[in-house]
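Asker: Residue numbers (my numbering): 466 to 1028.
Sharing a structure below in structure tokens format, with a few things to ask.
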């Protein structure tokens, strides 16, 4: 579950820390108080894009930290696959945002945002304000069915995708044989010319770099010779050369070595120094002689470099690539030389691969159908609980002519929310409020199947009120018995059902606006429910109603425990 959220210098937040609990956590507050900033900070920490403008005015950086305590064995196993281990049972995900960059960390180690998003998908499921709109799309509906199937359906999908890749490879090869005789002969002429060009060049790996280095040395030849000449002059035995000076100094010390014992040590060091300098001078002289005697072949090197670079530019690859290209073109030439035999071979491979692909796709479709039927019955029950009393719901599966990496199934959710209405695709009939409830039904069912530890809903109560709102509140509470639920809401029915209630307020002090988050006591929670019911003026009657709603919510939760 998500234990806590810490935010500093983000948008309207100076510094706030929220400690969440198990069960249903509800955040309420006036419109514009910054409730969505809180959910936004969670998404940013978990890998969503962030702009530097989100950093609070006059601050250099923003910081977000989430602390999780994952307990589900499957989640812990997946984390181990990522080489991530909770420390003392906790997983800390943080993000520091500056004007130039942002840095994401898991347990104080930096990770790319893509990896953080992968880890986040194991820990929680976030439903944004407009995410329910995605539910009308068929690809999203197919994804829901596939997720409901768990590991077995995932394995069937992966097998289908694997067979598809093999078939596609053979299909592409077979398509390359779709040429007439004139085109075949033309391609052979081109390949023969290109192979002659590549083989004649006879390029070896690393040749271009080696020749470039040699050309640079030769182009600096005069400068190098001058440097070696100066070196041998300064170090040699000519007048005032280093070796000459060392010899004179040795002579001076030798004359006093009998009288001064310390002089012998200096003499020995000096002879060692002369020997080292002499070796350097000799090696420099040998290099100088070699350079003065060598034949200059700069033009030949330039010609060879031009040839190599021309081929690299023409075929858009390096030397290793040219060697691989030669082999590839030889294989292609052989294919055109034995055209009919190779075409028949490719056709057979493609046919065999398609048979396996079709079998895998049919198996996937069969498994999907079973999962869809089970999911359908579970969603109907959840929809009834959400005040779709006479709902009819079906999951239709059609098949495309072409098999893709995900199989050949097209899934469409059909629904009729009122008696006497014909079933129609979800996209054609559902309003915004209905879509929100349907998405809640999906999320609550999927949370049980996938054993998601934390669900976050940003205003799932859009477009609902009255008895329907009460049903949604009850469903959220029931879902919170198996998963931690964090919910932003404007409705008194949902807020009164909270196990833990937070108030988000916006204050202006010293010409600076700040969002604050406060955990409410039972009495404070009743007053907030009253505010949601009665607006600016809270009368005794409104307070009594709010208290009654809280009492009724508590009784509902107690009855859920005894079931």
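Glycine included, each C-beta is placed from N, C-alpha and C at the ideal position.
On a predicted model such as this, the values are computed, not experimentally measured, just so you know.
Which whole runs of the beta strand (DSSP E) in the region 525-589 are 3 residues long or more, in chain order?
Answerer: You should have 526-533, 556-563 and 567-571.
Asker: In chain order, what residues of the same chain lie with their CB nearer than 7 Å to the CB of residue 808, ignoring the 5 residues before and after it?
Answerer: Closer than 7 Å at the Cβ level, and outside the excluded window around residue 808, lie 642.
Asker: Going straight from the alpha carbon of residue 961 to that of residue 905, what length do you get?
Answerer: For residue 961 and residue 905, the distance between alpha carbons rounds to 18 Å.
Asker: List the endpoints of the continuous alpha helix (DSSP H) containing residue 978.
Answerer: No alpha helix (DSSP H) contains residue 978, which is instead part of the beta strand (DSSP E) from 977-984.
Asker: From the DSSP output, read off the bridge partner residues of residue 519.
Answerer: Answer by DSSP bridge pairing: none, since residue 519 is not bridged.
Asker: Taking contact to mean 3 or more Cβ pairs, one atom from each stretch, closer than 8 Å, check whether the region 818-826 and the region 855-872 are in contact.
Answerer: The region 818-826 vs the region 855-872: in contact.
Asker: Contact between the region 979-999 and the region 952-959 is defined here as three or more beta-carbon pairs at a separation below 8 Å; is this criterion met?
Answerer: Counting Cβ pairs under 8 Å, three or more are found: they touch.
Asker: In or out: residue 490 buried (at least 16 other Cβ within 10 Å) or exposed?
Answerer: So residue 490 counts as buried.
Asker: Reducing DSSP to helix, strand and coil, say where residue 486 ends up.
Answerer: Three-state DSSP puts residue 486 in coil, outside helix and strand.
Asker: Exposed or buried, what is residue 718 when buried is set at 16 or more other beta-carbons lying within 10 Å of its beta-carbon?
Answerer: Residue 718 is buried by the Cβ-count criterion.
Asker: Give every residue of the same chain whose Cβ lies closer than 7 Å to the Cβ of residue 750, excluding the five residues on either side of it in the sequence, and list them in chain order.
Answerer: Closer than 7 Å at the Cβ level, and outside the excluded window around residue 750, lie 697.
Asker: Skipping 5 residues on each side, what residues in its chain have a beta carbon closer than 8 Å to that of residue 1022?
Answerer: Once the five neighbours on either side are set aside, the close Cβ partners of residue 1022 are 942, 962 and 964.
Asker: Indicate the three-state DSSP secondary structure (helix, strand or coil) for residue 496 in the structure shown.
Answerer: DSSP places residue 496 in coil when its eight states are reduced to three.
Asker: According to DSSP, simplified to helix, strand and coil, what is residue 909?
Answerer: Residue 909 falls in the helix class under three-state DSSP.
Asker: If we count Cβ pairs, one from each stretch, closer than 8 Å, do we get three or more for the region 931-941 versus the region 602-612?
Answerer: No, they do not touch.
Asker: Which residue from 992, 881, 534 and 578 puts its Cα closest to that of residue 857?
Answerer: Residue 881 is the option with its Cα nearest to residue 857.
Asker: Only counting runs of 3 or more residues, tell me where the beta strand (DSSP E) segments fall wholly within the region 731-782, in order along the chain.
Answerer: Qualifying beta strand (DSSP E) stretches: none in this window.
Asker: Going by the CB atoms, is the gap between residue 472 and residue 506 shorter than 7 Å?
Answerer: Yes; because the gap between Cβ atoms is below 7 Å, this pair is in contact.
Asker: If you reduce the DSSP assignment to three classes, tell me which class residue 925 lands in.
Answerer: Coil at residue 925, not helix or strand.
Asker: I'd like to know whether the C-beta atoms of residue 780 and residue 790 end up nearer to each other than 7 Å.
Answerer: Yes, Cβ-Cβ distance for residue 780 and residue 790 is below 7 Å.
Asker: Would you tell me roughly how many angstroms separate the C-alpha atoms of residue 497 and residue 509, rounded to the nearest one?
Answerer: Whole-angstrom Cα-Cα distance: 20 Å.
Asker: According to the Cβ coordinates, are residue 591 and residue 876 closer than 7 Å?
Answerer: Cβ atoms of residue 591 and residue 876: not closer than 7 Å.
Asker: State the Cα-Cα distance for the pair residue 975 and residue 622, rounded to the nearest angstrom.
Answerer: Taking the straight line from one Cα to the other gives about 59 Å.
Asker: Leaving out the 5 sequence neighbours to the left and right, which residues in its chain are closer than 6 Å to residue 532 when beta-carbon positions are compared?
Answerer: Contacts found: 468, 469, 555 and 557.
Asker: Taking only the alpha-carbon atoms, compute the straight-line gap between residue 898 and residue 852 and give it to the nearest angstrom.
Answerer: One C-alpha to the other measures close to 12 Å.
Asker: Could you round the C-beta distance between residue 891 and residue 908 to whole angstroms and report it? I think they count as a contact, below 8 Å.
Answerer: The Cβ separation is near 15 Å, so there is no contact.
Asker: Just grab the DSSP bridge partners of residue 716 for me.
Answerer: For residue 716, which the question treats as bridged, DSSP gives no partner whatsoever.
Asker: Would you mind stating whether residue 714 and residue 735 have Cβ atoms separated by less than 7 Å?
Answerer: In contact: residue 714 and residue 735 (Cβ atoms closer than 7 Å).
Asker: Classify residue 625 as buried or exposed, calling it buried when 16 or more other Cβ atoms lie within 10 Å of its own Cβ.
Answerer: Residue 625 should be labelled buried.
Asker: Could you tell me whether the region 515-525 touches the region 980-991, using the rule of 3 or more Cβ pairs below 8 Å?
Answerer: No, the region 515-525 is not in contact with the region 980-991.
Asker: Excluding the five sequence neighbours on either side, which residues of its own chain have a C-beta within less than 8 Å of the C-beta of residue 449, listed in chain order?
Answerer: Shown here, the chain extends from 466 to 1028; a query on residue 449 therefore has no answer.
Asker: Out of 614, 772 and 711, state which residue places its alpha-carbon closest to the alpha-carbon of residue 913.
Answerer: Checked all of 614, 772 and 711; the closest Cα to residue 913 is 614.
Asker: Tell me the rounded alpha-carbon separation between residue 1003 and residue 1013.
Answerer: Cα to Cα, the separation comes out at about 15 Å.
Asker: Can you tell me whether residue 803 is buried or exposed? The criterion is at least 16 other CB atoms within 10 Å of its CB, across all chains shown.
Answerer: Looking at its Cβ environment, which holds fewer than 16 other Cβ atoms inside 10 Å, residue 803 is exposed.
Asker: Whose C-alpha, out of 682, 848 and 699, is nearest the C-alpha of residue 766?
Answerer: Taking only the C-alpha atoms, the option nearest residue 766 is 682.
Asker: Can you name the start and end residues of the alpha helix (DSSP H) that residue 988 belongs to?
Answerer: Segment 987-999, the alpha helix (DSSP H) holding residue 988.
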